[in-house]
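Sequential numbering from 197 applies to the sequence shown in my numbering.
Think of the CB as a built atom: it goes at the ideal place given N, C-alpha and C, for glycine as much as any other residue.
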Amino acid sequence: MPKDQFPARPIHILVVDDELVDRMLVVRNFRKSDLQGVVTEASNVEEAREWVRQKTFDAIFLDYRLPKGTCTSFLRELRENEYYRPVIVVTSQADTAVAVEVLKAGGTDFLAKDDLSPDRLAQVLRSGLRVYEAEELNRQTTLALQKSEARLAEAQKIAGLGHWELNLKTGRIDVSQQAYRILGYTEDQPGPKSIAELLQRHIHPEDYPKAEKALIHCKESGNDVVLDVRIHTLPGDLRDVELHFRPQSLYNHILSVQGTLLDITARKQVERELKVARDTAERNARMKEEFLANMSHEIRTPMNAILGFARLLRDTPLSPDQQDYLSAVDLAGNSLLAIINDILDLSKIEAGGLRFESVNFDLEGLLKALVKVFGEKAREKGLELGYDLGPGVPKGLQGDQVRLNQVLLNLVGNALKFTESGGVSVEVREVETEGDRIHLLFEVVDSGIGIEKEQQQTIFDSFTQARSDTTRKYGGTGLGLTICKRIVELQGGRIGVVSTPGEGSTFFFDLWFDRAVSNAIAPGPIQPAASETLPAMHILLVEDQPLNQKLALQLLARMGHTATLANNGREALERLEHQDFDLALVDIQMPEMDGYALTHHLRHSEREAWRSLPIIALTAHAFQEERDRCREAGMQGFVTKPFTPEALQMEMAQVMGLPVTEMATPAAGLGRVRDLAQGNPDFEREMVALFRTEAPAGMARLREALGDRDMGAFRATLHSLRPSFELFEVPESAGIFRLMREMSLENRPSADIAPQLEQLEMLLNGALDILPDPR
197 MPKDQFPARP
207 IHILVVDDEL
217 VDRMLVVRNF
227 RKSDLQGVVT
237 EASNVEEARE
247 WVRQKTFDAI
257 FLDYRLPKGT
267 CTSFLRELRE
277 NEYYRPVIVV
287 TSQADTAVAV
297 EVLKAGGTDF
307 LAKDDLSPDR
317 LAQVLRSGLR
327 VYEAEELNRQ
337 TTLALQKSEA
347 RLAEAQKIAG
357 LGHWELNLKT
367 GRIDVSQQAY
377 RILGYTEDQP
387 GPKSIAELLQ
397 RHIHPEDYPK
407 AEKALIHCKE
417 SGNDVVLDVR
427 IHTLPGDLRD
437 VELHFRPQSL
447 YNHILSVQGT
457 LLDITARKQV
467 ERELKVARDT
477 AERNARMKEE
487 FLANMSHEIR
497 TPMNAILGFA
507 RLLRDTPLSP
517 DQQDYLSAVD
527 LAGNSLLAII
537 NDILDLSKIE
547 AGGLRFESVN
557 FDLEGLLKAL
567 VKVFGEKARE
577 KGLELGYDLG
587 PGVPKGLQGD
597 QVRLNQVLLN
607 LVGNALKFTE
617 SGGVSVEVRE
627 VETEGDRIHL
637 LFEVVDSGIG
647 IEKEQQQTIF
657 DSFTQARSDT
667 TRKYGGTGLG
677 LTICKRIVEL
687 QGGRIGVVST
697 PGEGSTFFFD
707 LWFDRAVSNA
717 IAPGPIQPAA
727 SETLPAMHIL
737 LVEDQPLNQK
747 LALQLLARMG
757 HTATLANNGR
767 EALERLEHQD
777 FDLALVDIQM
787 PEMDGYALTH
797 HLRHSEREAW
807 RSLPIIALTA
817 HAFQEERDRC
827 REAGMQGFVT
837 KPFTPEALQM
847 EMAQVMGLPV
857 TEMATPAAGL
867 GRVRDLAQGN
877 PDFEREMVAL
887 FRTEAPAGMA
897 RLREALGDRD
907 MGAFRATLHS
917 LRPSFELFEV
927 PESAGIFRLM
937 REMSLENRPS
947 ADIAPQLEQL
957 EMLLNGALDI
967 LPDPR
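Shown next, in the form of structure tokens:
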């Protein structure tokens, strides 16, 4: 088929985007299309506004997110100033919410950056120009009609309207040719003779009553009425129209009613399609959430019993073989639990649920650790590695140090990877301050191989390397910079690169931080209160799974409590009829009457004892929405299966209003081991000996798995090794374990993960130096 030659003349477009790369993307696609014309560029709203004042453009391509003024506000400004030419919004968020927002603000169309191509750009531009020319012709026609027909001045304010006028004295109806065309009449076909005939013949039967009522209201009240109805045209088509009734009066006496018809079928179709798309997306999101929640529940419930009984079994006399079998069960169970958590984490990230912490941290200490981590690698290549804090940059900040460290680790690791001589430097500069907040610019400068200008525009895209031979020579998947970009942009920052091939590169990003009140690292986690602060209680356990029943009863007995079992909510009500309880532990999913129904019944009971009974939810669901739902239902506590005895005890203490002791995380030591030993020195020595043997062996397994690129074995070893590091309170290890797990999930190159492994080994060696010799 021949190409569409519309328009036949060169066109002039304005591209408004604060990102040079994105502007160039639009410009390049325009020039590669079959369109001819001139392109003007603007980087923000102020520049765009000035260009519009100076020149007339055929169309504007407007980025959805802009500094110094939003896309929608600029759109409204253009339309309010009667700028009717096409404005096409270019967005990386191509969803229905953005589409509706853009169209409501006056946008002609929207174009997803992922969908940008020469043909697609030309198609959208031609469509916008056609709509503009049609609307412009309509506007000119309307102006001409307004000048020649005074009685239609009000009705012709909206272009393309058909109109009619009803003379209330004579009953005569005068219908315009445009209205007849909308209704499907040809010039030689006679139209309706009365308003009743007009409405009854063409308005859909379901909409006729409201149209009749609107006309009566207009005649009696003297007020304008606007409504949307469906009409049957003479050929039999079903169309959507907007009816506008306006009374015309003289000396407060209504003489006639003018009516206008506007065909809004296309708009209604778009609205219906958007609604279907939105409903489908919401339904799919609900189905996905329900699937993940149910899967989490179905797997976590038996896992609670497996891991719980494994803990109880560990406290009984076992042979060496049995200890090995138990360790295998524990490793397999925790590995499966890790898989569940990975799935839930992935769902959270895809849903935009990635959350950032805000804790006090030492920026200079973080940079020193960074240099130390990569020090050996730099020395092996003969490179200099250092950092520089500019004037005014505080050492103590408040923000997410783990995510900041993750970005810097990636950028510094890449810089060392692609640098053969010279060095790498991390430089931090102050950009601006607002009260206690400070805006910092981070730059990672290297003297490496550099990046070609064309590749600089795509280097932050997923699975992208600067050159085709990069993967073969240096390794990696190209995901690291994409992850850095996501982390930085989700915190409101920007990331980019300036590079010259053969001379080096500077990767930079900016972030806002709060100044720390002090340079202290955030305090450690809250630990459960000592057991003597939780007195013996009579507890109602409502649980339907036999294994979880036995586990919970055993744990409660060990804590010194007495428990009465109910298999479901109905049995729980029967127990409550005959006994009083201090606390109820209630499973959420149960047959006959679940935890929510039971809680609702108790909270709305006439009995004060039932209304005030403390309730802790026991659930295998791990979503925040489930936690919120439990609290809204009237439950005071929430414990996720599989749970530890300590977690259950702490939640019980908090719900009962008993004190919990806040403990700062100590240096590596025996605090937790001695709590478990309960005065048994042989047990304490045995645990230390095991740690001295198993921890280095686990580190060797981690190195082996990393060398083999076996990320499954790597994560399994991480999960089996982490509890022993926590038991012996190895400082700063928790963050490294978490970061290595995330990097393995992202399939990061071994070279990126290796520095974290080296840092963990240094921490382990330091801990082993502190711990006593068990001999």
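1. Per DSSP, what are the beta-bridge partners of P443 in this structure?
2. Would you kindly check if the distance between the Cβ of D259 and the Cβ of V212 is under 8 Å?
3. Could you tell me the alpha carbon to alpha carbon distance between V627 and W708, rounded to whole angstroms?
4. Which class does I812 belong to by DSSP, given the choice of helix, strand or coil?
5. By Cβ distance below 6 Å, which residues in the same chain neighbour G387 in space, the five residues on each side in sequence not counted?
6. So which of K573, A407, F656, N556 has the shortest CA-CA distance to E616?
7. Can you give me the C-alpha to C-alpha distance between W360 and Q373, rounded to a whole angstrom?
8. By the DSSP assignment, the alpha helix (DSSP H) with F270 in it spans what residues?
9. Excluding five sequence neighbours on each side, which residues of the same chain lie with their C-beta closer than 7 Å to the C-beta of M220?
10. Between D214 and N556, what straight-line distance do the alpha-carbon atoms span, to the nearest angstrom?
11. Measuring CB to CB, does D783 end up less than 8 Å from D824?
12. Give me the Cα-Cα distance between K649 and V603, rounded to the nearest whole angstrom.
13. Distance, Cα to Cα, P697 vs R911?
14. With DSSP as the reference, label I932 as helix, strand or coil.
15. Give me whichever residues DSSP pairs with S695 in a beta bridge.
16. Under the three-state reduction of DSSP, which class applies to R966: helix, strand or coil?
17. So V603 is in the alpha helix (DSSP H); what residue range does that whole segment cover?
18. If you compare alpha carbons, which of G631, A896, W806, L605 is closest to M831?
19. R322 to D311, Cα distance in whole Å?
20. For a test of the three-state rule: what should DSSP assign to I647, helix, strand or coil?
21. Alpha carbon to alpha carbon, what distance is there between A762 and E822?
22. Kindly confirm or deny that the region 447 to 454 and the region 467 to 477 touch, where touching means at least three C-beta pairs closer than 8 Å.
23. Around the C-beta of L854, are 16 or more other C-beta atoms found within 10 angstroms, so that it is buried, or is it exposed?
24. If you follow the alpha helix (DSSP H) that A912 is part of, which residue opens it and which one closes it?
25. Confirm, please, whether the CB-CB distance from T913 to L935 is below 8 Å.
26. Based on DSSP bridge pairs, tell me the residues matched to W360.
27. Below 7 Å CB to CB, which residues in the same chain sit around D596 once its five sequence neighbours on both sides are set aside?
28. Who are the near neighbours of E902 in its chain, counting only those whose CB is closer than 8 Å to its CB and skipping five residues on each side?
29. Could you check which residue in L562, V222, V622, F614 has the C-alpha nearest to that of N601?
30. Hey, could you find the ends of the alpha helix (DSSP H) R944 is sitting in?
31. Measuring alpha carbon to alpha carbon, tell me which of L752, E828, V598, T629 ends up nearest Q929.
32. Quick one: what does DSSP say V627 is sitting in, helix, strand or coil?
33. Tell me whether the beta-carbon of P282 lies closer than 8 Å to the beta-carbon of K228.
34. If you follow the beta strand (DSSP E) that G833 is part of, which residue opens it and which one closes it?
35. Thinking just about the alpha-carbon of each residue, which of E331, L559, V421, A462 is nearest to the one in L434?
36. Among I679, T889, A780, E880, which residue has its Cα nearest to the Cα of E847?
With the given structure in hand:
1. Here residue 443 refers to the residue found at position 247 when the sequence shown is read from its first residue. Bridge partners of P443: V453.
2. Looking up residue 212 in the sequence shown gives position 16. Looking up residue 259 in the sequence shown gives position 63. Contact: yes.
3. By 1-based counting over the sequence shown, the position of residue 627 is 431. By 1-based counting over the sequence shown, the position of residue 708 is 512. Spanning the two alpha carbons is a distance of roughly 10 Å.
4. Numbered from 1 along the sequence shown, position 616 holds the residue referred to as residue 812. I812 falls in the strand class under three-state DSSP.
5. In the sequence shown, the residue the question calls residue 387 occupies position 191. The answer, listed in chain order, is V371, Y376, Y381.
6. Numbered from 1 along the sequence shown, position 420 holds the residue referred to as residue 616. Ranking the options by Cα distance to E616, first place goes to K573.
7. As a position in the sequence shown, residue 360 is number 164, starting the count at 1. As a position in the sequence shown, residue 373 is number 177, starting the count at 1. C-alpha separation (whole angstroms): 9 Å.
8. Walking along the sequence shown from the start, residue 270 turns up at place 74. Unbroken alpha helix (DSSP H) run through F270: 267 to 276.
9. Taking the sequence shown and counting its residues from 1, one reaches residue 220 at position 24. Taken in chain order, the residues that qualify are Q653.
10. On the sequence shown, residue 214 is found 18 positions in, with the first residue counted as 1. On the sequence shown, residue 556 is found 360 positions in, with the first residue counted as 1. If I take the Cα positions, the gap works out to 33 Å.
11. Within the sequence shown, the letter at position 587 stands for residue 783. Within the sequence shown, the letter at position 628 stands for residue 824. For D783 and D824, no; Cβs fall outside 8 Å.
12. Sequence index remark: in the sequence shown, residue 649 carries index 453 (1-based). Sequence index remark: in the sequence shown, residue 603 carries index 407 (1-based). Answer to the nearest angstrom: the Cα atoms are 23 Å apart.
13. Taking the sequence shown and counting its residues from 1, the one referred to as residue 697 is at position 501. Taking the sequence shown and counting its residues from 1, the one referred to as residue 911 is at position 715. Answer to the nearest angstrom: the Cα atoms are 38 Å apart.
14. Residue mapping note: residue 932 aligns to position 736 of the sequence shown, counting from 1. Here I932 sits in helix by DSSP.
15. Stepping through the sequence shown from its first residue, residue 695 is reached at position 499. S701, per the DSSP bridge assignment.
16. For the purposes of this step, residue 966 is taken as the residue at position 770 of the sequence shown. Note that residue 966 corresponds to Ile in the displayed sequence, not to Arg. It is helical.
17. Here residue 603 refers to the residue found at position 407 of the sequence shown. That run of the alpha helix (DSSP H) goes 597 to 613.
18. Locating residue 831 in the sequence shown gives position 635, counting from the first residue. Among G631, A896, W806, L605, the Cα nearest to that of M831 belongs to W806.
19. To locate residue 322, count along the sequence shown from 1; it is residue 126. To locate residue 311, count along the sequence shown from 1; it is residue 115. Cα to Cα, R322 sits roughly 16 Å from D311.
20. As a working note, residue 647 is residue 451 in the sequence shown. I647 falls in the coil class under three-state DSSP.
21. Working through the sequence shown from its first residue, we reach residue 822 at position 626. Working through the sequence shown from its first residue, we reach residue 762 at position 566. Roughly 23 Å separates the two Cα atoms.
22. no
23. Taking the sequence shown and counting its residues from 1, one reaches residue 854 at position 658. Exposed: under 16 other Cβ atoms inside 10 Å.
24. If you number the sequence shown from 1, residue 912 lands on position 716. A912 -> alpha helix (DSSP H) spans 907 to 923.
25. Here residue 935 corresponds to residue number 739 of the sequence shown, with the count starting at 1. Here residue 913 corresponds to residue number 717 of the sequence shown, with the count starting at 1. Against a cut-off of 8 Å, the Cβ pair of T913 and L935 comes out as no contact.
26. Looking up residue 360 in the sequence shown gives position 164. Partner(s): V371, G455.
27. The count along the sequence shown starts at 1 and reaches residue 596 at position 400. Counting only Cβ-Cβ distances below 7 Å, and skipping sequence neighbours, we find F552, E553, S554.
28. Residue numbering aside, residue 902 sits at position 706 when the sequence shown is read from its first letter. First, the amino acid is wrong: residue 902 is Leu here, not Glu. F910, S946, I949, A950, L953, listed in sequence order.
29. Position 405 of the sequence shown, counted from the first residue, corresponds to residue 601. Answer by Cα proximity: L562.
30. Here residue 944 refers to the residue found at position 748 when the sequence shown is read from its first residue. Note, R944: premise wrong, no alpha helix (DSSP H); not H, not E.
31. As a first step, residue 929 is located in the sequence shown; it is residue number 733 there, counting from the start. This sequence places Ser at residue 929; Gln is not what is there. Comparing Cα-Cα distances from S929 to each of L752, E828, V598, T629, the minimum goes to V598.
32. For this step, residue 627 is matched to residue 431 along the sequence shown. V627: strand per DSSP, three-state reduction.
33. To locate residue 282, count along the sequence shown from 1; it is residue 86. To locate residue 228, count along the sequence shown from 1; it is residue 32. Against a cut-off of 8 Å, the Cβ pair of K228 and P282 comes out as no contact.
34. Translated into positions along the sequence shown, residue 833 becomes position 637. Per DSSP, G833 belongs to the beta strand (DSSP E) from 833 to 836.
35. Along the sequence shown, one-based indexing puts residue 434 at 238. If we check each option's Cα against that of L434, A462 comes out closest.
36. As a working note, residue 847 is residue 651 in the sequence shown. For the residues I679, T889, A780, E880, the minimum Cα distance to E847 belongs to A780.
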